[in-house]
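Q: Sharing a structure here in structure tokens format.
In our numbering, the protein residues as written are 3 to 261.
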């Protein structure tokens, strides 16, 4: 088994980020922004800048760890930079000031990853929590690039940021060995973030939008009452994808009616 894993690692030609949950959340943020923004194409373009920055973390973090680059890292890095620059230029054509914010946010993704990797803190929970929160918040910037009104875009970004933070808390509590007391505390923190985000979204946009949070709030409340033990990461992945899809669909429906 060890030899098989080692051989597979040697054959890897490109450095890619390993945080699959973050990639799924980024896809959810992209879908949410494009679903209700008046100009979904521009929202997708802004999200492309964040996606390019996310994948650029692979080669950047490998260098930060003082490891030799893989064969395709250099060429892939050129593609990532080209995609990000083109996307930011497209955003700047319609929203120059917003393009500067998108550029700064995109640049921060590989930069933060490099710092965390250099300090060997890339697997620390606080880093995962911050990363998931930031990726969720990118939905707001993408929606704004797509022409969504400021308050609505901010509500979308804040809501998915809270969702991302809750996901980090709930997944960590179930996929790693945690004492019941610690697991309950993490679930309670997730529940607090979700309820607060639902109330803010309801007050900012319209009350029915809070209903999008109900499945996730029920999940967090159940984990607070009965934390449960460690379960397969594959079961966690299926559940997280299903709940995120439901959240995005419900939230986008209410926001589209308001935007």
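Virtual Cβ for every residue (Gly too), placed ideally from N, Cα, C.
So is residue 102 buried or exposed if we call it buried at 16+ other beta carbons inside 10 Å?
A: Position 100 of the chain shown, counting from 1, holds the residue named residue 102. Exposed, since its Cβ has fewer than 16 Cβ neighbours within 10 Å.
Q: Could you give the distance in angstroms between the alpha-carbon of residue 53 and the alpha-carbon of residue 28?
A: Taking the chain shown and counting its residues from 1, the one referred to as residue 53 is at position 51. Taking the chain shown and counting its residues from 1, the one referred to as residue 28 is at position 26. Rounded to whole angstroms, residue 53 to residue 28 spans 7 Å at the Cα level.
Q: Report all residues from its chain with a CB closer than 8 Å to the CB of residue 196; omit the five preceding and five following residues, and keep chain order.
A: Translated into the one-based positions of the chain shown, residue 196 becomes position 194. If we look at residue 196 and ignore the five residues flanking it on each side, its Cβ neighbours are 164, 165, 168, 215, 218, 219 and 222.
Q: What distance in whole Å lies between the Cβ atoms of residue 245 and residue 173, which are believed to be in contact at a cut-off of 8 Å?
A: Working through the chain shown from its first residue, we reach residue 173 at position 171. Working through the chain shown from its first residue, we reach residue 245 at position 243. So it is not a contact: roughly 11 Å between Cβ atoms.
Q: In angstroms with no decimal places, state the Cα-to-Cα distance between residue 226 and residue 181.
A: As a working mapping, residue 226 is identified with position 224 in the chain shown. As a working mapping, residue 181 is identified with position 179 in the chain shown. If I take the Cα positions, the gap works out to 13 Å.
Q: Comparing the CB of residue 45 with every heavy atom of the ligand NAP, is any distance shorter than 7 Å?
A: By its list of ligands, the structure shown contains no ligand whatsoever, and the ligand NAP lies outside what it can speak to.
Q: Do you know whose CA, among 211, 236, 44 and 49, lies nearest residue 253's CA?
A: Walking along the chain shown from the start, residue 253 turns up at place 251. Checking every option, the nearest Cα to that of residue 253 belongs to 211.
Q: Please state whether DSSP places residue 223 in a helix, a strand or coil.
A: In the chain shown, residue 223 corresponds to position 221, counting from 1. Here residue 223 sits in helix by DSSP.
Q: By alpha-carbon positions, which one of 100, 95, 59 and 14 ends up nearest to residue 80?
A: The count along the chain shown starts at 1 and reaches residue 80 at position 78. Closest option to residue 80, Cα to Cα, is 59.
Q: Under 6 Å Cβ to Cβ from residue 62, same chain only, skipping five residues before and after it: list those, please.
A: As a first step, residue 62 must be located in the chain shown, where it is residue number 60. Contacts found: 112 and 116.
Q: In whole angstroms, give me the CA-to-CA distance for residue 72 and residue 14.
A: Reading the chain shown from its first residue, position 70 is the one you call residue 72. Reading the chain shown from its first residue, position 12 is the one you call residue 14. Straight-line Cα distance between these residues: approximately 8 Å.
Q: By how many angstroms is the C-alpha of residue 185 removed from the C-alpha of residue 122?
A: Position 120 of the chain shown, counted from the start, is the residue given in the question as residue 122. Position 183 of the chain shown, counted from the start, is the residue given in the question as residue 185. Those two C-alpha atoms are separated by around 25 Å.
Q: Can you give me the C-alpha to C-alpha distance between residue 95 and residue 133, rounded to a whole angstrom?
A: Counting from one through the chain shown, the residue named residue 95 turns up at place 93. Counting from one through the chain shown, the residue named residue 133 turns up at place 131. Their Cα atoms are separated by approximately 28 Å.
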